[in-house]
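Worksheet: one structure, shown below.
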Amino acid sequence: MSTDRPSLLVGQLLSFAGDPFTEGPEAARHSQRGGVLVQGGRVAAIGDADALRRAHPQAECHDYGAALISAGFVDAHAHYPQTGIIASWGKRLIDWLNCYTFPEEARFADPAHAASAAETCLDLMLAHGTTTVCSYATIHPESVDAFFTAAQARGMRAMAGKTCMDRNAPDNLRDSVQSAYDDSKALIARWHGRGRLGYVITPRFAPTSSREQLAALGALWAEHPDCLMQTHLSEQTDEIAWVRQLFPEARDYLDTYERAGLLGAGALFGHCIHLQSRERARLREVGAALIHCPTSNSFIGSGLFDLAGLSAEGQRLGLATDIGGGSSFSMLRTMAAAYEIGQLSGAALHPAQLWWLATSGSAAALGQGGRIGNLAEGMEADLVVIDLASTPAIAQRAGRAGDIWEALFPTIMMGDDRAVLESWVAGRPVHRRNGQ
Ligand code: GUN
Ligand code: ZN
19 MSTDRPSLLV
29 GQLLSFAGDP
39 FTEGPEAARH
49 SQRGGVLVQG
59 GRVAAIGDAD
69 ALRRAHPQAE
79 CHDYGAALIS
89 AGFVDAHAHY
99 PQTGIIASWG
109 KRLIDWLNCY
119 TFPEEARFAD
129 PAHAASAAET
139 CLDLMLAHGT
149 TTVCSYATIH
159 PESVDAFFTA
169 AQARGMRAMA
179 GKTCMDRNAP
189 DNLRDSVQSA
199 YDDSKALIAR
209 WHGRGRLGYV
219 ITPRFAPTSS
229 REQLAALGAL
239 WAEHPDCLMQ
249 THLSEQTDEI
259 AWVRQLFPEA
269 RDYLDTYERA
279 GLLGAGALFG
289 HCIHLQSRER
299 ARLREVGAAL
309 IHCPTSNSFI
319 GSGLFDLAGL
329 SAEGQRLGLA
339 TDIGGGSSFS
349 MLRTMAAAYE
359 IGQLSGAALH
369 PAQLWWLATS
379 GSAAALGQGG
389 RIGNLAEGME
399 ADLVVIDLAS
409 TPAIAQRAGR
419 AGDIWEALFP
429 TIMMGDDRAV
439 LESWVAGRPV
449 HRRNGQ
């Protein structure tokens, strides 16, 4: 037990007692003036603000007035090495990789560049209220070291893996079957389960790995089943046609992974836009997680993710920025993009569903549902404090709100890092707006 002085955060509270996709908005819990008692890096109690203040007079009180306290955002798919090339113009997936992504990722052979990019990325994430991120690194093992070192310095729960590629990539960005296996295994030994860090076995996607490399990583996963596995699946139609040419023996895109032992409950598949019915059935059957990356999907022109259909059939879903294919570090902006893509597909997502996806849903997709992603006693105290009137446009709209959802939705649709008053990691404030 830690003996550090407790903190009491007071404001509006938003948490979840269930999944609003299956139970409706009533699964959310809102309190107009609640308190979150934090001690030893965890949420020690939640309740009425005045009652908690009386019961814990020794606690340091942070009164945020009408601001909203929530679990910090969880970004379930990002590429920290692409921080420097976010918002690069005019390409679709394969050209975008060749033109912008691969040249930038080659620079991560330099550990100083990797360290600086990791720090920049994680500081931007925290400034946007994201307290956990699951990231791809580059093929360089040192790029994983840089990311985990930066996450550890900030106390963040974070996940990442060395991106493996042994074909269809420039010479200086290719590993081999053996080195992908050996380097990933050594990184697991070095980082997995150390503090709040978790290793993720990371073949980039089927086009850049040989069958043999996919199989070697499948074997590695069987040896370390408590690691997650992340890759990309069915993002763009040209990519899917290319996969069909490269793997004529496979039944579909998912099968290229399934044959290699890369399908299971701990698998995270980014994008999943153009899935066939067999793929949907298998993903559902094994309980893999499908990670929706809406700003990326519109930015690089990938298509419309069927969120309503996939959630109705019981898929596990997470939400992510996909930096730097995605065009924003903000999970607020990402929720807005998910809402817009839902509208284009004929489904209006409720703000409770959007907020749940960005917190509890993504945490559960990463296998962290019992630790982060919700405000509840015993959970790790990774929190965000949101100003619901952060710009004049948002303030005038929120001023007419009749309930919490009307008050929150303008911030979801129009908010960004200006809405993030504070981010807390493991019970400590790590970011304050304007460095206040
Ligand atoms: N598919 C393979 N690599 C990538 C990547 O870096 N970003 C996106 N959006 N899709 C990919
Ligand atoms: Zn990606």
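According to the working numbering, the stretch in the sequence shown is residues 19 to 454, in order.
We treat Cβ as the ideally placed atom computed from N, Cα and C, and that holds for glycine.
Asked: Rounded straight-line distance, which links the Cα of R351 to that of G453; Found: 22 Å
Asked: D340 CB to nearest heavy atom of ligand 1 below 8 Å; Found: yes
Asked: Within 9 Å, strictly: CB atoms of A233 and L264; Found: no
Asked: Span separating the alpha-carbon of E44 from that of A370; Found: 9 Å
Asked: CB-CB length for Y82 against V28, believed under 8 Å; Found: 6 Å
Asked: C-alpha gap between G391 and G53, whole angstroms; Found: 17 Å
Asked: Touch test, the stretch 393-401 against the stretch 338-349, Cβ-Cβ under 8 Å, three pairs minimum; Found: no
Asked: Buried or exposed (CB count within 10 angstroms, at least 16 for buried), G211; Found: exposed
Asked: Reference A164; option with closest CA among I104, R214, A306, A127; Found: A127
Asked: Distance between A89 and S314 (C-alpha atoms, nearest Å); Found: 24 Å
Asked: Beta-carbon proximity check, A207 vs S227, cutoff 9 Å; Found: no
Asked: heavy atom of ligand 2 below 8 Å from G343 C-beta; Found: yes
Asked: Contact test: G29 Cβ vs ligand 1 heavy atom, cutoff 8 Å; Found: no
Asked: E358: CB within 8 Å of a non-hydrogen atom of ligand 1; Found: no
Asked: Alpha-carbon to alpha-carbon, L384 and D200; Found: 24 Å
Asked: Helix, strand or coil at P221 [DSSP, three-state]; Found: strand
Asked: Contact under 9 Å by Cβ, H80 with G288; Found: no
Asked: For C245, the three-state DSSP class (helix, strand or coil); Found: coil
Asked: Contacts around D256, its chain only, beta-carbon distance under 8 Å, and the 5 residues preceding and following it disregarded; Found: R110, L111, I112
Asked: CB contact flag (T181, P243, <9 Å); Found: no
Asked: Buried or exposed (CB count within 10 angstroms, at least 16 for buried), D405; Found: buried
Asked: Cβ of D68 within 9 Å of any chain C Cβ; Found: Among the protein chains of the structure shown there is no chain C, as only one such chain exists.
Asked: Secondary structure of H250, DSSP reduced to three states; Found: strand
Asked: Unbroken alpha helix (DSSP H) run spanning C117, endpoints; Found: Careful: C117 lies outside any alpha helix (DSSP H) and carries neither H nor E.
Asked: Buried versus exposed call for A168 [16 or more other C-beta atoms within 10 Å across all chains shown]; Found: buried
Asked: Inter-residue Cα distance where the pair is G216 and Q414; Found: 42 Å
Asked: Touch test, the stretch 265-280 against the stretch 295-313, Cβ-Cβ under 8 Å, three pairs minimum; Found: yes
Asked: Heavy atom of ligand 2 within 8 Å of C290 beta-carbon; Found: no
Asked: Option in H292, A136, L426, V402 with minimal Cα separation from W442; Found: V402
Asked: At least 3 beta-carbon pairs within less than 8 Å: the stretch 421-439 vs the stretch 140-154; Found: yes
Asked: Where A399 sits in the DSSP three-state scheme; Found: coil
Asked: Close Cβ partners of E137 (< 6 Å) along its chain, the five nearest in sequence each way excluded; Found: A168
Asked: Length of the line joining the Cα atoms of L328 and H74; Found: 45 Å
Asked: First and last residue of the uninterrupted alpha helix (DSSP H) at F126; Found: F126 -> no alpha helix (DSSP H), and no H or E assigned at all.
Asked: Where the alpha helix (DSSP H) through D200 begins and ends; Found: 195-209
Asked: Same chain, Cβ closer than 7 Å to S49, five either side skipped, listed in chain order; Found: Q30, L31
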